[in-house]
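In my numbering, the protein residues as written are 10 to 495.
Everything below concerns the one structure shown next.
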Amino acid sequence: MASSALRLYNSLTRQVEPFVPQTPGEVRMYVCGVTVYDDCHLGHARSQMVFDTLHRYFRETGDRVRYVRNITDIDDKIIRKAREAGVPIGTITARYIDSFHRDMERLGILSPMAEPRATEFLGGMIALIERLLARGAAYQAGGDVYFRVRKFAGYGELSHQILEDLRSGARVEPGEAKEDPLDFVLWKGAKEGEPSYPSPFGAGRPGWHIECSAMSLHYLGPTLDLHGGGMDLLFPHHENERAQSEAATGVTFVRTWMHNGFVTTRETKMSKSLGNTRQIRSFFEESPYPEEVTREWLRYFFLSTHYRSPVDFTDQALSAAKLALDGLYQCRSLLEEQFGAFPGEGEADREFAPAFLEAFSADLDTPVALSVLHAAKSRINPWLAGGGAGTPPVDPRAIRSLFDLAGRTMGLLQVPSSRWVGGLRESGAPTGAGLSGEEIARLVDLRESARKNRDFREADAIRDRLKESGVVLEDQPGGPPRIRRI
RNA sequence: GGCGGCGUAGCCAAGCGGUAAGGCAGAGGUCUGCAAAACCUUUAUUCGGCGGUUCGAUCCCGCCCGCCGCCUCCA
């Protein structure tokens, strides 16, 4: 059970309001996935991570989550890319679907219940368009089918746009036969050399927005508890989805609309058209750390800013995130050394967990949740630093319980601390500078002998040498030094 | 032009009517052969500026300055 009821910011009402699913104990959640024509960048990473965190929170608090995330595998950009490469679109989409899945694995994103692809749901989309035509909410013109925006009274409510303002800025492409510039396409008539599919309105392919309406209807019914995506999907994508879904079903499409803020570089939105994106793949490949470490590093970084605020992707902030996480691992490592294991698996925690979950309840305030982790660390560390004498100031089992909770909800602290802090000893893996575990062990032994002989010059020289290779030695009283990589 | 967001210590970042969380960095100290790690102490009388409402405002209102986003594909 949650320590307190979840409250979420709803883009529709522009207010933080209690989140109450229509069926108690069950959450119907739909998040916009990606269009598979390129590798995903850090903007996609943040969005997926935000909703993954929410997904995990629902699971933690005992809700069944029916989570659907779509894949757009038919679209102008895919077609263009396939044409340029001289291959069928399936070649392009297969490649980038694999890439997307690999990225989700890198980021530690839990799988959704379903991941439908647009091309698998043509039938559902066509049925929905037929319903809209039958109700007069759509019309055929010039081989296309358009949604009649002025027939939907609530148009503009979600993005808080005034119809006339939108109309003045709207464009009509040459060849389009819209009744109104704001009308958007539901079905595009086939064009020479483009993939097309048969339909009652002629061969063609679906417009962008209709897939989400059709697929969410199929999996989750006419009313979703929650629909999420990046801020940039608010208009026109979500506005259009809402219009066509509600025009077809006559009921509320989405109870809570959530939109996450952008990832920026130099305070400018990261976007493909600006050419300032950083791919998830390249971030991982260029990371000095193993994938499991890089994963949590990135998660901590993104989760340390509230999901609705922009995050500027800077080396400084990234570095601070790594060091903060290191501190948490250090604490866990000390606990394990003290007890021979991380004590108290599964113990209930009345000390920290309620505060941690309360932060989640307050519109997913992950920065505050992270601060609870540090508060716990600061409570136990003095005792650990004193060698664990006397009664601990806080039950170590509560720390374990909290850290496990952070693992389940945020995907943090999942790496064995011995490996995070001094992994070289276990893995024998080479360091960034190419020293193998064996070489390190040999140098450490050499230094220990030098120290025994009080040849501190030699000992320090070896220590410096190791440090240049990214290996820091921490001497401990009466034992071998701790080996920590930086 | 229309709509919206942001501006909190050197940096990152919560709080959003009751008197400034947390992280990183910095300073001093304990420990150490020296370090490192850890620990202790310390670092914003103040929340872009000016007015207003209030017993009380970083939080509400108005104006101004600066930055950003959406309005076209975009997480």
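Glycine included, C-beta positions come from ideal geometry on N, C-alpha and C.
Since the model is a prediction, treat every value here as computed from it, not as a measurement.
Original post:
If you run the structure through DSSP and keep just helix, strand and coil, what is cysteine 49?
Top reply: As a position in the first sequence, residue 49 is number 40, starting the count at 1. Reduced to three states, the DSSP call for cysteine 49 is coil.
**OP:** Could I get the ranges of all uninterrupted alpha helix (DSSP H) runs contained in the region 63 to 127, with 4 residues as the minimum, in chain order?
**Re:** 85 to 94 and 98 to 116
**OP:** Using three-state DSSP, classify tryptophan 196 as helix, strand or coil.
**Re:** Within the first sequence, residue 196 is the residue found at index 187, counting from 1. Three-state result, tryptophan 196: strand.
Original post:
For the beta strand (DSSP E) that phenylalanine 156 lies in, which residues bound it at each end?
Top reply: Along the first sequence, one-based indexing puts residue 156 at 147. Judged by DSSP secondary structure, phenylalanine 156 falls within the beta strand (DSSP E) whose first and last residues are 153 to 156.
Original post:
Is the Cβ-Cβ distance between isoleucine 138 and tryptophan 217 less than 7 Å?
Top reply: Along the first sequence, read from residue 1 onward, the residue named residue 138 stands at position 129. Along the first sequence, read from residue 1 onward, the residue named residue 217 stands at position 208. Contact: no.
Original post:
What does a CB cutoff of less than 7 Å around tryptophan 266 pick up in its chain, not counting 5 residues either side in sequence?
Top reply: For the purposes of this step, residue 266 is taken as residue 257 along the first sequence, with counting starting at 1. Result list for tryptophan 266: Asn19, Ser20, Leu21, Leu167, His236 and His247, in chain order.
Subject >> The alpha helix (DSSP H) enclosing methionine 279, as first and last residue numbers >> reply: Here residue 279 refers to the residue found at position 270 when the first sequence is read from its first residue. Looking at the DSSP string, methionine 279 is not in any alpha helix (DSSP H), and its letter there is neither H nor E.
Subject >> Neighbourhood of threonine 274 by C-beta, 6 Å cutoff - its chain only, sequence neighbours within 5 removed >> reply: For the purposes of this step, residue 274 is taken as residue 265 along the first sequence, with counting starting at 1. Closer than 6 Å at the Cβ level, and outside the excluded window around threonine 274, lie Asn285 and Phe322.
Original post:
Helix or strand or just coil, what does DSSP make of isoleucine 171?
Top reply: Numbered from its first residue, the first sequence carries residue 171 at position 162. Looking at isoleucine 171 - three-state DSSP - the assignment turns out to be coil, as it is neither helix nor strand.
Subject >> Secondary structure of histidine 246, DSSP reduced to three states >> reply: Here residue 246 refers to the residue found at position 237 of the first sequence. DSSP places histidine 246 in helix when its eight states are reduced to three.
Original post:
Start and end of the beta strand (DSSP E) containing valine 40?
Top reply: Taking the first residue of the first sequence as position 1, residue 40 is located at position 31. Per DSSP, valine 40 belongs to the beta strand (DSSP E) from 35 to 44.
Original post:
Helix, strand or coil: how does DSSP classify arginine 140 here?
Top reply: As a working mapping, residue 140 is identified with position 131 in the first sequence. In the structure shown, arginine 140 sits in a helix (DSSP, three-state: H, G or I).
Subject >> Extent of the continuous alpha helix (DSSP H) to which threonine 338 belongs >> reply: Numbered from 1 along the first sequence, position 329 holds the residue referred to as residue 338. Going by the sequence as given, residue 338 is tyrosine instead of threonine. Run containing tyrosine 338: 324 to 348, per the alpha helix (DSSP H) assignment.
Original post:
By how many angstroms is the C-alpha of isoleucine 492 removed from the C-alpha of leucine 433?
Top reply: As a working mapping, residue 433 is identified with position 424 in the first sequence. As a working mapping, residue 492 is identified with position 483 in the first sequence. No answer about leucine 433 holds up, because its pLDDT of 40 lies below 50 and its placement is not dependable.
Original post:
So, using beta-carbon positions, are aspartate 72 and valine 36 closer together than 7 Å?
Top reply: Locating residue 72 in the first sequence gives position 63, counting from the first residue. Locating residue 36 in the first sequence gives position 27, counting from the first residue. By the CB criterion at 7 Å, aspartate 72 and valine 36 fall inside the cutoff.
Original post:
Assuming phenylalanine 262 and serine 254 make a contact with CB atoms under 8 Å, what is their CB distance in whole Å?
Top reply: By 1-based counting over the first sequence, the position of residue 262 is 253. By 1-based counting over the first sequence, the position of residue 254 is 245. Contact flag correct, Cβ pair sits at about 4 Å.
**OP:** Taking alanine 223 as the reference, give the member of Glu203, Gly163 and Arg140 with the closest Cα.
**Re:** One-based indexing of the first sequence puts residue 223 at position 214. Looking at the Cα atoms, Arg140 is the closest of the given residues.
Original post:
On the three-state DSSP scale, how would you describe histidine 227?
Top reply: The sequence position of residue 227 within the first sequence is 218, counting from 1. Helix, per DSSP.
**OP:** Counting only the same chain and skipping the five closest in sequence on each side, list residues whose C-beta sits under 6 Å from that of isoleucine 268.
**Re:** Numbered from 1 along the first sequence, position 259 holds the residue referred to as residue 268. The displayed chain sequence assigns histidine, not isoleucine, to residue 268. The answer, listed in chain order, is Ser20, Met240 and Leu243.
Original post:
Measuring CA to CA, which of Arg317, Arg264, Val453 and Glu188 is closest to valine 5?
Top reply: Outside the displayed span of the chain (10 to 495) sits residue 5, for which this structure offers no information.
**OP:** Determine the direct distance from the alpha carbon of glycine 270 to that of valine 40, and round the result to whole angstroms.
**Re:** Mapped onto the first sequence, residue 40 falls at position 31. Mapped onto the first sequence, residue 270 falls at position 261. The C-alpha of glycine 270 is placed about 15 Å away from the C-alpha of valine 40.
Original post:
Secondary structure at glutamine 253, three-state DSSP: helix, strand or coil?
Top reply: Residue numbering aside, residue 253 sits at position 244 when the first sequence is read from its first letter. The answer is helix: DSSP assigns glutamine 253 an H, G or I state.
Original post:
In angstroms, rounded to a whole number, what distance separates the CA positions of glutamate 26 and aspartate 374?
Top reply: By 1-based counting over the first sequence, the position of residue 26 is 17. By 1-based counting over the first sequence, the position of residue 374 is 365. Distance between the alpha carbons of glutamate 26 and aspartate 374: 14 Å.
Original post:
Does DSSP put leucine 482 in a helix, in a strand, or in coil?
Top reply: Counted from its first residue, the first sequence places residue 482 at position 473. In the structure shown, leucine 482 sits in a strand (DSSP, three-state: E or B).
Subject >> Runs of alpha helix (DSSP H) lying entirely within the region 392 to 429, each at least 4 residues, in chain order >> reply: The region 392 to 429 contains these whole alpha helix (DSSP H) runs: 405 to 419.
Original post:
Considering only the beta carbon of each residue, do aspartate 61 and leucine 17 sit closer than 7 Å?
Top reply: As a first step, residue 61 must be located in the first sequence, where it is residue number 52. As a first step, residue 17 must be located in the first sequence, where it is residue number 8. Not a contact, by the Cβ cut-off of 7 Å.
Subject >> Backbone CA spacing between lysine 386 and arginine 417 [nearest angstrom] >> reply: Locating residue 386 in the first sequence gives position 377, counting from the first residue. Locating residue 417 in the first sequence gives position 408, counting from the first residue. Each residue's alpha carbon lies about 18 Å from the other.
Original post:
Counting Cβ pairs, one atom from each stretch, are 3 or more of them under 8 Å apart for the region 297 to 312 and the region 418 to 427?
Top reply: yes
Subject >> Nearest neighbour of alanine 333, chosen from Gly349, Leu411, Pro319 and Ser313 [CA to CA] >> reply: If you number the first sequence from 1, residue 333 lands on position 324. The candidate whose alpha carbon is nearest that of alanine 333 is Ser313.
Original post:
What are the boundary residues of the beta strand (DSSP E) that includes valine 29?
Top reply: Counting from 1 along the first sequence, the entry for residue 29 is found at position 20. Premise fails: valine 29 is in no beta strand (DSSP E) and is neither H nor E.
**OP:** Mind checking which residues open and close the beta strand (DSSP E) that includes aspartate 234?
**Re:** Along the first sequence, read from residue 1 onward, the residue named residue 234 stands at position 225. Unbroken beta strand (DSSP E) run through aspartate 234: 233 to 239.
Subject >> Pair within 7 Å by beta-carbon distance, alanine 199 and glycine 151 >> reply: Translated into the one-based positions of the first sequence, residue 199 becomes position 190. Translated into the one-based positions of the first sequence, residue 151 becomes position 142. Cβ distance not < 7 Å, so alanine 199 and glycine 151 don't count as in contact.
Subject >> Sufficient close CB pairs (3 or more, under 8 Å) joining the region 281 to 298 to the region 40 to 58 >> reply: yes
Original post:
What did DSSP end up calling proline 490 once you bin it into helix, strand or coil?
Top reply: For the purposes of this step, residue 490 is taken as the residue at position 481 of the first sequence. DSSP places proline 490 in strand when its eight states are reduced to three.
Original post:
So what does DSSP say about threonine 273, is it helix, strand or coil?
Top reply: Residue 273 sits at position 264 when you count from the first residue of the first sequence. Residue state, collapsed to three classes: strand.
Original post:
asparagine 19 by DSSP, collapsed to three states: which one?
Top reply: As a first step, residue 19 must be located in the first sequence, where it is residue number 10. Correct three-state label for asparagine 19: strand.
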